[in-house]
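Protein chains: 2
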Amino acid sequence: MIHNRNKCEKCIDSQNSIFKVLNQREKELLTKHRICTNYKKGEIIFREGDRPSGLICLCEGKVKVFKEGVGGREQIIRMAKPIGFIGYRAMFAGDNYISSALAIEDCEICMIEKEILIKLIKSNSDLALEFINTFAIELGFSNNRTVTLTQKHIRGRLAESLLFLKDTFGYEEDKATIKVYLSREDLANLSNMTTSNAIRTLSSFATEKVLAIDGRRLKILNLKELSKISELG
Amino acid sequence: MIHNRNKCEKCIDSQNSIFKVLNQREKELLTKHRICTNYKKGEIIFREGDRPSGLICLCEGKVKVFKEGVGGREQIIRMAKPIGFIGYRAMFAGDNYISSALAIEDCEICMIEKEILIKLIKSNSDLALEFINTFAIELGFSNNRTVTLTQKHIRGRLAESLLFLKDTFGYEEDKATIKVYLSREDLANLSNMTTSNAIRTLSSFATEKVLAIDGRRLKILNLKELSKISELG
DNA sequence: GTTTGATTATGTTATTTAACACAAATATAA
DNA sequence: TTATATTTGTGTTAAATAACATAATCAAAC
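As given, the protein sequences belong to chains A and B, one line each in that order.
With this note's numbering as the guide, the letters of the first sequence map in order to residues 7 to 239.
With this note's numbering as the guide, the letters of the second sequence map in order to residues 7 to 239.
This is the structure we're talking about:
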């Protein structure tokens with residue numbers, strides 16, 4: 007964790023940013039009250055139980071957000087990419103974090119003071135509605151996940167996770183390789199299965215020519231079939 | 007579904023209502039733009055895929071919110087009691103419903119026009135923050151549920167559901183009987199298990215003197231033990 | 001460059017839970 | 001009431017998946 011003097015621009019200024027609804031003066035206020043930090047791959051950004059000290063915006067890198075369940079078993083709740091928020095639920099609920107966040111690539115984050123954020127939400131109703139919309143979408147995602155992870159069988163769960171990763175992070179230039187490189191263990195923790203079963207199921211997808219596997223590079227060879235496996239459960 | 011002329015009072019005026027932050031003029035606007043409806047036990051309030059036409063406030067009765075999963079298998083996502091909202095996620099996300107709602111008791115609901123609600127949120131930032139807070143809490147609940155339902159074993163899942171029902175609906179006057187009467191099938195669908203297994207596990211809780219069962223009346227005899235079963239998974 | 005630890009891979013066994021079958025009890029309707 | 005459907009209860013079997021064991025491969029540290 008290293009504080010950074012070259013502050014990121016896009017968190018606040020990008021067209022994809024939720025803050026696009028702010029005027030110049032409001033954006034400047036935001037810019038003044040943030041701290042930018044760098045995290046190395048593998049570093050923890052926050053831990054379950056920690057107290058949120060502000061809104062965390064991910065400017066660069068990729069993050070996994072996970073919960074420790076029964077017997078320390080990890081369940082990945084969410085994957086974050088730039089530009090996006092992490093840990094915002096706890097901040098808005100006034101809770102401590104109920105999940106942990108870990109940089110799966112080198113990351114750059116901005117932390118925005120809670121008081122300033124609340125002040126801006128109070129003064130700009132469009133920003134409030136943007137946050138409401140963000141929550142509504144993530145809650146829908148979470149509800150879907152609950153049903154998927156509990157009802158689909160292993161193949162369906164893994165297939166769905168792969169499609170989710172593809173939708174979230176997109177493809178490499180070859181338009182087939184998923185643009186994120188997770189360990190088999192992370193894939194398992196995303197899909198609610200043991201590492202062994204993730205490995206086995208990946209192999210069978212490769213045998214069936216649905217995927218091509220090269221270490222952690224996963225290339226989708228047959229998207230239609232992968233979707234079918236995901237849908238059938 | 008019967009429209010009701012005696013409009014409910016508490017949805018808007020109660021101290022538990024999210025609308026407590028509104029002033030009198032704002033409350034009147036809300037009161038003018040709502041439709042109150044009665045539903046009989048067993049009636050569907052909305053279905054997965056329907057288009058939300060406003061914010062639904064539950065004034066009276068109890069509702070289960072559920073999703074149809076693989077092979078039509080039902081997963082109960084949420085239980086609602088007065089005063090509370092149902093289907094608000096879809097409305098705020100601008101989506102169609104991704105879950106269905108069914109009255110498990112006779113119910114009275116108010117429907118508030120979306121345009122009026124958005125107008126109020128825009129003009130009253132406290133209301134906006136209240137909705138943000140509501141979402142943040144429900145998202146936390148949903149994330150917890152995902153981990154619970156995937157990782158805990160049958161006994162742990164059922165024990166947790168019973169504790170959840172007790173926390174949500176409270177006790178009868180005997181301070182032990184859970185104040186909601188669900189079928190074994192609903193208990194199963196809440197806890198991600200088959201009906202047979204819900205029945206069997208309930209019986210074993212009764213044998214262990216953790217519960218006393220009288221039809222659908224479930225009396226908690228040993229709360230500490232039930233919590234332990236829930237925690238151990 | 002070697003050692004050490006982590007990750008990936010694969011086979012076997014044990015456990016959990018669903019699926020199925022059917023009976024009894026209860027609620028609902030004719 | 002009697003008939004019919006629904007819910008509850010219980011036993012048996014089958015399927016899915018975790019747990020465990022062990023080896024091979026790969027990456028990182030010394």
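Don't be surprised by glycine CBs; every beta carbon is placed ideally from N, CA and C.
Report yes or no: is there a C-beta of chain B within less than 8 Å of the C-beta of residue i?
{"i": "N149 (chain A)", "result": "yes"}
{"i": "F91 (chain A)", "result": "no"}
{"i": "F52 (chain A)", "result": "no"}
{"i": "E179 (chain A)", "result": "no"}
{"i": "E231 (chain A)", "result": "no"}
{"i": "E121 (chain A)", "result": "no"}
{"i": "I83 (chain A)", "result": "yes"}
{"i": "D173 (chain A)", "result": "no"}
{"i": "Q157 (chain A)", "result": "yes"}
{"i": "G176 (chain A)", "result": "no"}
{"i": "S23 (chain A)", "result": "no"}
Taking CB distances under 8 Å as the criterion, tell me whether residue i reaches chain A.
{"i": "T201 (chain B)", "result": "no"}
{"i": "K234 (chain B)", "result": "no"}
{"i": "K26 (chain B)", "result": "no"}
{"i": "I127 (chain B)", "result": "yes"}
{"i": "T152 (chain B)", "result": "yes"}
{"i": "F170 (chain B)", "result": "no"}
{"i": "L145 (chain B)", "result": "yes"}
{"i": "I104 (chain B)", "result": "yes"}
Buried or exposed: where does residue i fall if 16 or more other Cβ atoms within 10 Å of its Cβ makes it buried?
{"i": "I89 (chain B)", "result": "buried"}
{"i": "N29 (chain A)", "result": "exposed"}
{"i": "N102 (chain B)", "result": "exposed"}
{"i": "K46 (chain A)", "result": "exposed"}
{"i": "L224 (chain B)", "result": "buried"}
{"i": "Q21 (chain B)", "result": "exposed"}
{"i": "K230 (chain A)", "result": "exposed"}
{"i": "Y177 (chain A)", "result": "exposed"}
{"i": "I219 (chain A)", "result": "exposed"}
{"i": "G55 (chain B)", "result": "exposed"}
{"i": "R222 (chain B)", "result": "exposed"}
{"i": "I156 (chain A)", "result": "Looking at the sequence shown, residue 156 (chain A) is not Ile but Thr. It counts as buried."}
{"i": "K234 (chain B)", "result": "exposed"}
{"i": "S131 (chain A)", "result": "buried"}
{"i": "R95 (chain B)", "result": "buried"}
Can you name the residues that DSSP bridges to residue i?
{"i": "M85 (chain B)", "result": "B:K70"}
{"i": "I92 (chain B)", "result": "B:I62"}
{"i": "E114 (chain B)", "result": "B:N44, B:E66"}
{"i": "Y242 (chain B)", "result": "Only positions 7 to 239 of chain B appear in this structure, which leaves residue 242 (chain B) out of reach."}
{"i": "I226 (chain B)", "result": "B:L217"}
{"i": "F137 (chain A)", "result": "DSSP, once it has assigned bridges, lists no residue as partnering F137 (chain A)."}
{"i": "I235 (chain A)", "result": "For I235 (chain A), which the question treats as bridged, DSSP gives no partner whatsoever."}
{"i": "A109 (chain B)", "result": "B:V69"}
{"i": "I50 (chain A)", "result": "A:L108"}
Quick one: grab the DSSP three-state call for residue i.
{"i": "C17 (chain B)", "result": "helix"}
{"i": "T200 (chain B)", "result": "coil"}
{"i": "E80 (chain B)", "result": "strand"}
{"i": "E119 (chain A)", "result": "strand"}
{"i": "I104 (chain B)", "result": "coil"}
{"i": "A182 (chain A)", "result": "coil"}
Which same chain residues end up closer than 7 Å to residue i when comparing Cβ atoms and leaving out the 5 residues on each side of it in sequence?
{"i": "A204 (chain B)", "result": "L164, R190, L193, A194, S197"}
Short of 8 Å in beta carbon distance, which residues of its chain neighbour residue i, apart from the five on each side in sequence? Order them along the chain.
{"i": "T174 (chain B)", "result": "M85, K87, V186"}
{"i": "D112 (chain A)", "result": "N44, Y45, K46, K47, E66, G67"}
{"i": "E237 (chain A)", "result": "G162"}
{"i": "S148 (chain B)", "result": "I83"}
In chain order, what residues of the same chain lie with their CB nearer than 6 Å to the CB of residue i, ignoring the 5 residues before and after it?
{"i": "S23 (chain B)", "result": "I89"}
{"i": "G100 (chain A)", "result": "none"}
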